[in-house]
Amino acid sequence: MLEGVNVALGVTGSIAAVKTVELAHELRREGAAVRAVMTDSARGIVHPWSLEYATGNPVVTEITGRVEHVELCGREGWADVLLVAPATANTVGKVAAAVDDSTVTTCATTALGAGVPVVVAPAMHEPMYDHPGVLDAIDRVREWDVAFVDPRVEEGKAKIATEEAICLETARAAGDRPLDGRHVVVTSGATSERIDPVRTLTNRSSGRMGRAVARACYAAGAAVTVVHDGPDLPYATVERVESAAEMTAACVDACADADALVSAAAISDYTVAPSDEKLRSGEDLHLDLQPTPKLIDTVRETHPDLAIVGFKLETADDDAALVAAARGPLERTDLAFVVANDANVMGADDTRALLVRAERADAFVGTKAELGRRVAEELAGEF
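Using the UniProt record's numbering, the final residue of the sequence shown is 383, and nothing's skipped along the way.
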């Protein structure tokens with residue numbers, strides 16, 4: 001996600017500074033090079049040696065004759081993005097006012113003047129976060145296209161966002177954003193069909209693939225809507241559904257102002273008339289299964305000009321069989337392309353797939369996160 005990106009990590013005097021060692025590790029796992037800048041208050045919480053170890057680079061603790069703020073965040077500086085994490089109320093206010101009395105705020109002023117992207121991850125007690133002056137400062141800095149990673153408000157505290165959320169926002173800020181200005185709807189995970197008040201027909205889909213696509217589209221600059229039976233996601237508007245019919249209806253509505261639909265969910269192929277009462281156990285049971293309408297067909301009828309990406313899951317290990325299975329919906333529904341993969345990868349981190357277009361089929365082997373990025377890249381090429 002952050003391959004080849006240079007991240008200047010500004011650490012300020014919140015107790016959440018203790019989490020920056022792991023944050024630096026996570027940034028590097030995602031491919032970034034990291035150099036840390038620490039305020040005096042931050043050094044009272046975390047020793048610079050810890051961040052030197054975590055980043056693999058010397059830590060800036062003061063501005064000297066080397067003008068470290070310009071070296072890092074100037075127009076020809078090292079950093080592709082400045083990430084301030086954690087950012088205290090004091091720091092947010094000073095960034096908004098261009099007060100340069102610390103290493104981090106001096107880097108922020110320099111970055112903003114030089115056009116270097118800035119990402120801020122606030123962390124403080126909730127009453128401080130709710131202070132009108134702090135909220136005004138956040139609004140003002142947001143007007144300068146600074147990205148804020150919303151904190152997790154728990155136990156009376158505005159806690160720093162997760163490493164995953166911070167890395168994602170950093171990737172979005174530092175990237176080329178080929179999907180900037182686009183609205184992408186992504187379906188994810190399994191649907192379920194109610195048999196009775198306690199039983200359902202469903203499948204083993206974990207939703208990892210759909211969420212990977214949604215994250216990648218967000219990192220590429222898109223506004224993302226995720227339709228699934230899962231949790232809220234910090235990077236997307238979530239439409240929560242349960243059945244195939246609910247997912248189809250939600251997609252038809254969400255695609256009214258969308259540029260693309262990525263249908264990555266494992267949607268129920270069959271439904272059943274549900275019983276209002278719990279069915280007795282220990283007896284033979286016969287279910288009258290009825291096929292569900294195909295979501296992509298319904299969306300295509302309603303939105304004939306929408307770019308649609310389909311997913312096709314098969315149990316065949318043979319590439320020719322996968323391609324043949326993918327070409328059916330590709331041609332029938334005029335899809336941009338189809339991601340055809342093997343059912344054996346369901347629930348796993350790694351995957352093997354074929355990206356099938358009318359004229360070719362490209363093989364992919366890697367993680368679902370990597371496939372998500374590939375799908376986002378291919379989708380961007382449609383516009």
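Note that CB positions come from ideal geometry on N, CA and C, so glycine has one too.
Annotation: the continuous alpha helix (DSSP H) that includes His25 extends over Thr20 to Arg29.
Its chain contains Ala212 as the residues whose beta carbon lies nearer than 6 Å to that of Ala369, once the 5 sequence neighbours on both sides are disregarded; these appear in chain order. Taking a C-beta distance under 9 Å as the contact criterion, Leu355 and Glu378 qualify as a contact pair. Shown here, Pro234 sits in coil according to DSSP, grouped into three states, outside any helix or strand. Taking a C-beta distance under 9 Å as the contact criterion, Asp297 and Thr333 qualify as a contact pair. Take the alpha-carbon of Leu233 and the one of Gly65: they are about 44 Å apart.
When DSSP assignments are scanned along the region 29 to 77, the uninterrupted stretches of beta strand (DSSP E) that are 3 or more residues long and fall wholly within it turn out to be 33 to 38.
Only residues of its own chain outside the window of five on either side were considered, and among them Ala190 and Ala266 have a CB closer than 6 Å to the CB of Asn203, listed in chain order. Beta-bridge annotation (DSSP): Asn6 is paired with Ala33.
Beta-bridge partners assigned by DSSP to Arg140: none are found. With respect to the 9 Å criterion, Val118 and Ala147 are classified as neighbours on the basis of their beta carbons. Shown here, Ile166 sits in a helix according to DSSP, grouped into three states. Contact between Ala36 and Val59 holds, with the beta-carbon distance rounding to 5 Å and staying under 8 Å.
Where Arg152 is concerned, the enclosing beta strand (DSSP E) starts and stops at Arg152 to Glu154. Only exposed fits Leu285, as fewer than 16 other CB atoms lie within 10 angstroms of its CB. Under the DSSP assignment, Ile195 falls outside any beta strand (DSSP E); it carries neither an H nor an E label. Three or more beta-carbon pairs separated by less than 8 Å are not found between the region 315 to 324 and the region 257 to 271, which leaves the two stretches without contact. Within the model, the alpha-carbon separation for Ile166 versus Val11 is close to 14 Å. In this structure, DSSP gives Asp350 an extended state, which the three-state scheme calls strand. A straight-line Cα-Cα distance of about 8 Å links Phe311 and Asn341. Remark: C-beta atoms of Ile195 and Ser14 do not approach each other more closely than 9 Å.
Buried is the label assigned to Pro329, since at least 16 other Cβ atoms lie within 10 Å of its Cβ.
Put simply, the backbone Cα of Glu26 is about 32 Å away from that of Ala258. Secondary structure of Ile15 (DSSP, three-state): helix.
Excluding the 5 residues flanking it on each side, Val345 has same chain C-beta neighbours closer than 7 Å at Thr351 and Arg352, in chain order.
In the three-state reduction of the DSSP assignment, Pro117 falls in the coil class, being assigned neither a helical nor a strand state. Residue pairing by DSSP places Glu239 opposite Val227 in a beta bridge. In the displayed model, Met1 falls within coil according to three-state DSSP, outside both helix and strand.
Straight-line spacing of the CA atoms in Leu371 and Leu335 works out to 18 Å.
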